[in-house]
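So the structure is just underneath, and the comments pick up after that.
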Amino acid sequence: MRIALVGLGTTGSHVARQLRSADIEQLDLFDTDADRIHQVRKAVDPSLEGSSAAPDPRNPPVVTILATPCGTHAELAAEMLSAGSHVVSLSDDPIEVEAMLALDDIARDRGRSLVVGAGFCPGLTGVLARYAAGQLDVVEEISVARAGTAGPACARQHHRALKTTGRDWLDGNWEIRRGGSGRDLAWFPDPIGARDCYRGALSSPILLQRQFPHAQRISARVAATRRDRLTSGLPMLRRPHRDGGPGAVRVEVRGRLQGAVETIVYGVMDHPSVAAGIVAAVVAVTVGRGRAPIGADGLARWDDPSGMLTELHRRGVKVAAFGGQIDAGAL
28 MRIALVGLGT
38 TGSHVARQLR
48 SADIEQLDLF
58 DTDADRIHQV
68 RKAVDPSLEG
78 SSAAPDPRNP
88 PVVTILATPC
98 GTHAELAAEM
108 LSAGSHVVSL
118 SDDPIEVEAM
128 LALDDIARDR
138 GRSLVVGAGF
148 CPGLTGVLAR
158 YAAGQLDVVE
168 EISVARAGTA
178 GPACARQHHR
188 ALKTTGRDWL
198 DGNWEIRRGG
208 SGRDLAWFPD
218 PIGARDCYRG
228 ALSSPILLQR
238 QFPHAQRISA
248 RVAATRRDRL
258 TSGLPMLRRP
268 HRDGGPGAVR
278 VEVRGRLQGA
288 VETIVYGVMD
298 HPSVAAGIVA
308 AVVAVTVGRG
318 RAPIGADGLA
328 RWDDPSGMLT
338 ELHRRGVKVA
348 AFGGQIDAGA
358 L
């Protein structure tokens, strides 16, 4: 299996590390910054091939992973799908996510998978939502919250999200919500703890609604400080850190089990860049082995969330349940 990794920023570098320990024949690295390619090759494996050009569609890899900044995925995804490559995208920009979902016909015609939002959030959150939903007879509400950012590109997307309108799914319709509104105190796994979270331009509701169209409510929020909200309408006042540090996600699914109301809450605490790198690498290998659904969609569509969570647990992503931690043997 040959995999092309496009984008070697903070998250992309973690994807490369994870793939190097996977059972694949070849990993090719692509980034517009030649120095960055050199740094990743030196840190991961000097024998890896690297290029500052895009992957050649005349010689497509089995899987193309897109870990470049948001806004750069849709065009390359269409090109590589048409060339016959599976595509795994880590973009979480709602406009770009919808543009890639619109490539579903191309993906199906080519018999290929386009996995959209295969990171920390969306991505891991979709797996958690699907796993929780499998324990209920009826899913009525899904709420997602995230705290923390990965690298500079993720921090810039977080900044944009807070000033841009988002959407909630409510009783069969999309409701437009103002960015930075809807303050909600969400409890994440320790040591992140309680954080104020707000609405914004987030793609999780778009991807989850496709899998749970009959849910009454689907919403997403992102943790933000008062300074984050006050400065969201301005250019970023300082350069983002190379890595945003520890973060977390929380997924709450409410519904009915044997007629009774039931609420299931899962969370993960990790560095978003590390967790996203692990998720993307596991997804890419799974896709390359032909074990993923054909077409364009998110991870909430995948039929074996317990298998995915087991593999993520093996690689260090630990899922906490409300009242304790998930036993990996029970997945």
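Counting in our numbering, the sequence shown runs from 28 upward without gaps. The beta carbon of each residue, even a glycine, is placed where N, CA and C say it ideally should be. In this text the structure is predicted, and so the values were computed from the model without any measurement.
**Prompt:** Taking Cβ to Cβ, would you say Q243 is nearer than 7 Å to D198?
**Reply:** yes
**Message:** Once DSSP output is grouped into helix, strand and coil, what is the label at V249?
**Reply:** strand
**Message:** Check whether the region 330-344 and the region 164-183 are in contact - that is, three or more C-beta pairs closer than 8 Å.
**Reply:** no
**Message:** Just to confirm the assignment, what range does the alpha helix (DSSP H) spanning S109 have?
**Reply:** 101-110
**Asked** Are D361 and A323 touching if we call contact CB-CB under 7 Å?
**Response** Because the chain is modelled from 28 through 358, residue 361 falls outside the range shown and cannot be assessed.
**Beta-carbon proximity check, V154 vs V124, cutoff 7 Å** = no
**Message:** DSSP three-state label for E52, please.
**Reply:** coil
**Message:** Between the alpha carbons of A159 and V280, how many angstroms are there, rounded?
**Reply:** 7 Å
**Request:** Please report the residue range of the beta strand (DSSP E) in which T191 lies.
**Result:** Premise fails: T191 is in no beta strand (DSSP E) and is neither H nor E.
**Message:** I need the DSSP call for L46, collapsed to helix, strand or coil.
**Reply:** helix
**Asked** If we count the other Cβ atoms within 10 Å of its Cβ and call it buried at 16 or more, is P218 buried or exposed?
**Response** exposed
**Prompt:** Are at least three pairs of beta-carbons, each pair with one atom in the region 105-113 and one in the region 187-202, less than 8 Å apart?
**Reply:** no
**Request:** Kindly identify the DSSP beta-bridge partner or partners of L197.
**Result:** N200, R244
**Message:** Please confirm whether I92 has its beta-carbon closer than 7 Å to some beta-carbon of chain C.
**Reply:** Looking at the structure shown, chain C is missing, and only one protein chain is on hand.
**Item:** Proximal residues to R342 (C-beta, below 6 Å), its chain only, five neighbours per side dropped
**Value:** I305
**Message:** Check whether the region 94-111 and the region 276-294 are in contact - that is, three or more C-beta pairs closer than 8 Å.
**Reply:** no
**Request:** Could you tell me which residues DSSP puts in a beta bridge with E289?
**Result:** G282
**Message:** Going by DSSP, what residue range makes up the beta strand (DSSP E) through G322?
**Reply:** 322-324
**Request:** Quickly, what does DSSP pair R29 with across the bridge? List them, please.
**Result:** Q53
**Item:** At least 3 beta-carbon pairs within less than 8 Å: the region 208-226 vs the region 299-316
**Value:** no
**Request:** Check R269 in the structure and name its three-state DSSP category.
**Result:** coil
**Prompt:** Who are T91's beta bridge partners in DSSP?
**Reply:** A31, V114
**Prompt:** From which residue to which residue does the beta strand (DSSP E) around R68 run?
**Reply:** That residue, R68, is in no beta strand (DSSP E); its alpha helix (DSSP H) goes 61-71.
**Request:** Could you name the residues that DSSP lists as bridge partners for D211?
**Result:** C224
**Request:** Could you tell me whether any non-hydrogen atom of the ligand NAP is closer than 6 Å to the CB of P299?
**Result:** This structure does not include the ligand NAP; it has no bound ligands of any sort.
**Asked** Short check: CB of A275 to CB of A174, under 7 Å?
**Response** yes
**Asked** Quick one: what does DSSP say L235 is sitting in, helix, strand or coil?
**Response** helix
**Request:** Could you round the C-beta distance between S300 and H41 to whole angstroms and report it? I think they count as a contact, below 8 Å.
**Result:** 6 Å
**Item:** Residue closest to P262, alpha-carbon to alpha-carbon, out of L189, R328, A247, A307
**Value:** L189
**Which of helix, strand or coil DSSP assigns to T37** = helix
**Prompt:** When DSSP builds the beta bridges, which residues end up paired with V142?
**Reply:** V115, D324
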